[in-house]
Each structure stands twice: as C-alpha cells, then as structure tokens.
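Report on the structure given below.
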Amino acid sequence: MLIGICGGLCAGKASVAQYLVERHKFTPLAISRPASTPSVEKSASDHSVMTDRSASSATKVFSDAEGLLDYVTQNWTEHFVTTCLWSQHVLNVLLRRPFFVLISVDAPISVRWARFKARCVLHGEAPPSLEQFVLRDDSHMYDGQYGLAGLPSQARVKLINSTSSLQDLFQQLDGLRLTDEDRIRPSWDQYFMTLASLAARRSNCMRRQVGCVLVRGKRVISTGYNGTPRNITNCNQGGCPRCNGASTGGTALSTCRCVHAEENALLEAGRERVGEDATIYCNTCPCLTCSIKIVQVGIREVVYSRSYYMDAEIATLFKEAGVRLRQFLPPAEGLISLNDSTETRNGHV
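Numbering-wise (the UniProt record's numbering), the sequence shown opens with residue 1 and increments by one.
Structure (structure tokens):
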C-alpha cells in the first residue's frame with residue numbers, strides 16, 4: 001500500500017504520516033521539491049521555516065514521481081507513505097497503481113495559522129500576520145502551474161484536522177482503519193454492498209432510497225430498488241399518496257403503493273434461481289414484510305449496512321428461521337471531522 005497525503009499549510013499532513021510510520025510501520029518516501037515550487041512557508045521576515053518530518057525522515061528521496069512509483073511497484077508487499085504531492089502531475093503518476101490511496105488533510109485557517117506561528121517561534125522567527133499567511137496559503141494551493149487545490153477533491157478520505165495534540169490526533173485516527181486493505185481492493189462484502197448502494201440511487205421513493213443485491217456463490221443473481229410498480233406513476237412524481245403525504249414512518253403501510261427493494265430483487269430472480277445458500281445485501285435492514293419473503297424463498301444470509309427501526313424484531317424472526325443476519329460497516333470514506341474536547345494547544349503541524 002502507498003498512501004499519499006495532500007493538504008494546505010499546517011493542515012497536519014506530516015502528523016498523519018507520522019501516525020502511519022509509528023503505529024503501522026509505514027516507510028516514508030519523498031520526492032525532491034522542484035525549485036519552481038512556490039516557497040510559501042516563511043516567517044514575517046521571509047525566512048524559510050519549512051518542517052516536513054515525513055520528508056526529512058524519508059528512507060529514500062526520488063528525483064521524480066516516476067522513480068518513487070517504480071520503487072514502490074518493485075516492493076509492493078510493503079507499506080509506504082509520502083506527503084510530497086507537489087503537483088497534479090505527481091498525483092496522476094501515483095494514481096496509475098491500484099495500491100495507491102490519497103488522503104487529504106485540512107483545518108480551519110485560524111487553526112493552521114496558530115500552528116504555523118508555533119512553528120515560527122520554535123525556529124526563533126517572527127510569525128507572519130494572518131493576512132500574510134492567507135496570501136501564502138493561497139499561493140500554495142492555487143498556483144496555476146501546480147493546481148494543488150484540485151487534489152483534495154480526488155482523495156478517498158478527507159480529514160478535517162482540528163485536533164490540538166498528536167495524542168488526540170492518533171487516537172482519532174485509530175478508529176478510521178486508514179490501512180484497511182479494503183481501501184485498495186474491496187472485500188466481497190464491500191463490493192456487493194457498494195452495488196446495493198448504487199442500486200438505491202435508482203429508487204424513486206419519496207421516503208427512503210433502498211437498494212439490494214441478491215448473490216449466490218459470489219455471483220449477482222438480481223438487484224432491486226424501491227419504488228412504484230411497473231406502469232404506475234413514479235413515487236417522486238406523485239404515484240404513491242402515502243409516501244407523498246404526511247404519514248409518519250411505520251404507519252399506513254397498507255396504503256403504500258411502492259414495491260420494496262428486496263421484493264423487486266426476489267421477484268426478478270424467482271425462487272428457482274435463488275436456490276440454496278443465497279445471500280442478500282441491503283443498504284438498509286429489511287422490514288418485516290420483506291423479511292418474511294426472504295425466509296420463504298430460502299435465503300440463508302442477510303447483510304445490511306444501515307439500521308431500521310424494527311431491527312430487533314427482524315433479528316428474532318431470522319434467528320427462528322435459521323437465517324444469518326449481520327451488519328457490515330465499510331471503512332469510513334469521504335469527509336471526516338477530527339476534533340477533541342481539550343483546550344486548544346498550539347502544537348502539531
């Protein structure tokens with residue numbers, strides 16, 4: 001695994017890299033900083049106060065991204081981390097390999113300024129004003145040649161790092177499973193649950209988007225999502241009075257015209273194709289009505305992601321019927337906020 005970390009000045013890139021090195025034995029690698037890269041990590045007197053622990057402690061320093069990528073490819077069974085994403089070109093090179101994961105780190109500008117001031121004091125330099133820091137950060141992120149502002153949008157995980165100490169940061173990162181191999185190649189559970197979530201996006205129900213995938217022998221038999229039946233006006237176009245009305249969850253179900261995702265998948269497959277030892281993946285735990293039908297067609301396992309209000313009742317039904325029920329929670333992705341409850345302490349960068 002190769003993890004690349006991008007972000008603005010003093011967002012915490014080096015600290016996240018340090019976490020991977022100390023807690024998960026990652027090897028830090030570096031790419032030489034091009035002379036043309038904007039030099040923005042400066043004190044009020046324009047003296048450089050660069051501090052990149054991951055780069056300075058790197059086992060190897062490469063002249064370009066291609067060299068780093070070749071080295072990691074030859075040693076693909078090991079784990080590496082780099083914060084030297086100097087440009088979109090560097091990222092494009094690293095994205096060629098399936099073992100690469102991009103993480104972005106950001107923090108409020110006031111927090112990052114406080115961290116940089118602490119760094120300046122540590123180096124015996126007068127810190128820049130907030131305005132100076134903002135202008136230099138803009139130069140760092142929005143330079144026309146390097147285009148660093150576009151890198152975070154391509155990250156698998158986006159960390160908002162408002163923590164105030166390394167200990168707090170490391171504790172928060174412990175729960176994120178950043179090194180989970182599923183981030184490189186999804187497990188079967190994650191693969192099928194992703195398909196279920198994708199199917200849910202086709203839902204036209206006004207109440208809840210639900211999707212599911214029916215699987216046997218790691219092969220998809222059918223998929224389903226909830227919405228009104230064939231030849232009936234879509235729910236989101238007024239086709240179901242109950243979903244478009246003021247009914248609360250779990251009430252007036254007999255008036256609902258929507259077919260549930262699980263029902264659609266079962267109808268599509270039919271009992272003959274379901275066979276024995278089939279598994280159904282649902283992005284939401286099935287309701288009682290669907291659960292009864294799942295039992296009746298002979299499905300042996302139900303895997304769900306999000307809970308529903310009658311989970312306990314469903315679990316009891318499946319246990320009695322000999323159907324295995326389990327929840328699958330994939331590694332967290334997208335925007336994740338890291339906070340702590342301690343007083344703000346100017347510290348890690």
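Glycine residues also receive a C-beta, built at the ideal position from the N, C-alpha and C atoms.
These numbers were taken from a predicted model, which means no experiment stands behind them.
| Check | Outcome |
| --- | --- |
| Looking at C-beta atoms only, is the number of pairs between the stretch 284-297 and the stretch 310-330 that lie closer than 8 Å three or more? | yes |
| Distance check for arginine 219 and valine 302, CA to CA, integer angstroms please. | 15 Å |
| In whole angstroms, what is the alpha-carbon distance linking valine 16 and tryptophan 86? | 17 Å |
| Starting from the C-beta of isoleucine 299, find all residues in its chain whose C-beta is less than 6 Å away, skip the five residues before and the five after it, and write them out in chain order. | Ala278 and Ile280 |
| For serine 63, collect the residues of the same chain with a Cβ closer than 8 Å to its Cβ; drop the 5 residues on either side in sequence, then sort them by chain order. | Ile31 and Ser32 |
| Residues in its own chain within less than 7 Å of histidine 140 by CB, not counting five upstream and five downstream? | Gly8, Leu9, Pro38, Val40 and Leu148 |
| CB-CB under 7 Å to residue 358, same chain, minus the five flanking residues each way: which ones, in chain order? | Because residue 358 is not part of the residues shown, which for the chain are 1 to 349, the question remains open. |
| Report all residues from its chain with a CB closer than 6 Å to the CB of alanine 261; omit the five preceding and five following residues, and keep chain order. | Val210, Gly211, Cys212, Gly224, Tyr225 and Asn226 |
| Just the Cα atoms here: how many angstroms apart are aspartate 180 and proline 331? | 7 Å |
| Buried or exposed: which applies to alanine 55, given that a residue is buried once 16 or more other Cβ atoms fall within 10 Å of its Cβ? | Here the model assigns alanine 55 a pLDDT of 48, short of 50, so the residue's position is not dependable and the matter cannot be decided. |
| What is the residue span of the beta strand (DSSP E) that serine 337 lies within? | 334-338 |
| Where do the ends of the beta strand (DSSP E) carrying isoleucine 294 lie? | It is not in any beta strand (DSSP E) - isoleucine 294 instead sits in the alpha helix (DSSP H) that spans 288-297. |
| If you follow the alpha helix (DSSP H) that cysteine 285 is part of, which residue opens it and which one closes it? | It is not in any alpha helix (DSSP H) - cysteine 285 carries neither H nor E in the DSSP assignment. |
| Let me know the secondary structure DSSP gives glutamate 301 once reduced to three states. | strand |
| Would you check if there are 3 or more beta carbon pairs closer than 8 Å linking the stretch 70-80 to the stretch 121-128? | no |
| Give the single residue among Val90, His47, Ser48 and Arg23 whose Cα lies nearest to the Cα of cysteine 6. | Val90 |
| Measuring only the C-alpha atoms, how far is cysteine 258 from leucine 68? | 54 Å |
| Is it buried or exposed, glutamate 276, if we count other Cβ atoms within 10 angstroms and call 16 or more buried? | exposed |
| Who are the near neighbours of leucine 317 in its chain, counting only those whose CB is closer than 6 Å to its CB and skipping five residues on each side? | Ser291 |
| Is leucine 325 helix, strand or coil by DSSP? | strand |
| Going by C-alpha distance, which of Asn244, Leu29, Thr228 and Gly12 is nearest leucine 94? | Leu29 |
| What is the C-beta distance between asparagine 264 and alanine 196, in whole angstroms, given that I count them as a contact (C-beta under 8 Å)? | So it is not a contact: roughly 12 Å between Cβ atoms. |
| Tell me the start and end of each unbroken alpha helix (DSSP H) in the stretch 64-101 that is at least 4 residues and wholly inside, in chain order. | 65-74 and 88-94 |
| Around the C-beta of alanine 44, are 16 or more other C-beta atoms found within 10 angstroms, so that it is buried, or is it exposed? | exposed |
| Below 8 Å, how does it come out for the stretch 167-176 and the stretch 110-125: are there three or more Cβ pairs, yes or no? | no |
| Mapping the DSSP letters down to three states, classify threonine 314 as helix, strand or coil. | In the sequence under discussion, the amino acid at residue 314 is isoleucine, which differs from the threonine named in the question. Three-state result, isoleucine 314: helix. |
| Within the continuous alpha helix (DSSP H) that includes alanine 200, where are the two ends? | 188-200 |
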